[in-house]
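Each residue of the sequence shown is one higher than the last, beginning at 41 in the working numbering.
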Amino acid sequence: MAKGSHIFHMMLNWVLPERCPCCGTITAAGGPFCVSCWQKLEFMGPPWCRGCAAPFDFDRGADAYCAACIANPPRHDGIRAAVKYDDLSARVALRLKYGGKIGLARVIAQQLLRHVPDETDQVIITPVPLHWTRIWSRSFNQSALIGKQLAALTGITFVPDILLRHKRTPSMRGLDHKRRRQAVGSAFTLHPKYKGKLKGRKIILIDDVLTTGATSDGCVAVLKRGGVSWVQIFCWARALRSGKTQADAGVSFDA
Ligand SMILES: [Zn+2]
Ligand SMILES: [Zn+2]
């Protein structure tokens, strides 16, 4: 698509009547999703594991960890997803990623607002970076678009280039957890201009969809090595491992 035409389509996405990002029907003013899809989307919130935010069936208290987090404490300080990953929410993510539906980034950011911590003094929003060849073919980073919108809604500083991605991550299919970690672990580095400048800062790391968590985990590792004291991963949709089984085995303790 020529550049001018691309911009024209982006503008159309803003100007045309609101359409439900899941099914495409025109929605009534006041809500981005149609009533049917809104009811089908599984919005995520507490009660959940303090570590990975896997949902609990009942409230175990704000300090409760699931069995998986106790066995293998995560590097991050929480995952905050707007909705559970399923066919419906995947469609929203794909429309943003490949359909050029830039306005969707704002819709997603609005759904993440409720997860933003009260205290945002030292907080910076930054996206999981794309490899430059992907930006070149797609012309934007969908996670950066969401981050920018969330920053606009909250007044939190948005810094798009804290992390650099060096290589295209190979397909993860068939790799176990450890191999996935290794595959993405060396893909990210801190941008040299931020070296030594992130001590004590807190980061909201934006990813569009979180499936295995290997990619964001690679980013969290780099950020923490760079002095960042707290990283929460914010995403539109999140895949949950084997339903509720991991949360079911959860126990509660004070950390
Ligand atoms: Zn709909
Ligand atoms: Zn957990």
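All C-beta atoms in this analysis are idealised placements derived from N, C-alpha and C, irrespective of residue type, glycine included.
When the Cα atoms are used, ILE244 and LEU215 turn out to be separated by approximately 27 Å.
In this structure, DSSP gives PRO86 a state outside helix and strand, which the three-state scheme calls coil. Residue environment: HIS116 is assigned as buried (16 or more neighbouring CB atoms within 10 Å of its CB, all protein chains considered).
Between the beta-carbon of LEU204 and that of PRO167 there is about 12 Å, and that puts the pair past the 8 Å contact cut. The stretch 266–283 and the stretch 107–121 touch, with no fewer than 3 CB-CB distances between them shorter than 8 Å. With a threshold of 7 Å, the Cβ atom of CYS109 counts as near ligand 2, since some heavy atom of the ligand is closer than that.
If only uninterrupted beta strand (DSSP E) runs of at least 3 residues are considered, those enclosed by the stretch 187–263 are 203–205, 228–230, 242–250.
Apart from sequence neighbours up to five positions away, the residues of its chain that approach TYR105 with a beta-carbon distance below 6 Å are CYS89, ARG90, GLY91, ordered along the chain. The C-alpha of VAL260 lies about 33 Å from the C-alpha of CYS77. CYS62 is positioned such that its CB atom lies closer than 8 Å to that of VAL132.
According to the DSSP assignment, GLN162 belongs to no alpha helix (DSSP H), since it is labelled neither H nor E.
Summarising the contact set, residues whose Cβ lies nearer than 5 Å to any heavy atom of ligand 1 are, in chain order, CYS60, CYS62, CYS63, CYS74, CYS77.
Non-local beta-carbon contacts of ILE246 in its own chain, meaning distances under 6 Å to residues more than five positions away in sequence, involve PRO167, SER183, ILE186, GLY187, PHE274 in chain order. With respect to LEU144, LEU190 sits apart: the two C-beta atoms are not nearer than 8 Å. In terms of Cβ geometry, GLY266 and LEU238 form a close pair [threshold 8 Å].
Here the alpha carbon of ILE148 sits roughly 13 Å from the alpha carbon of ALA192.
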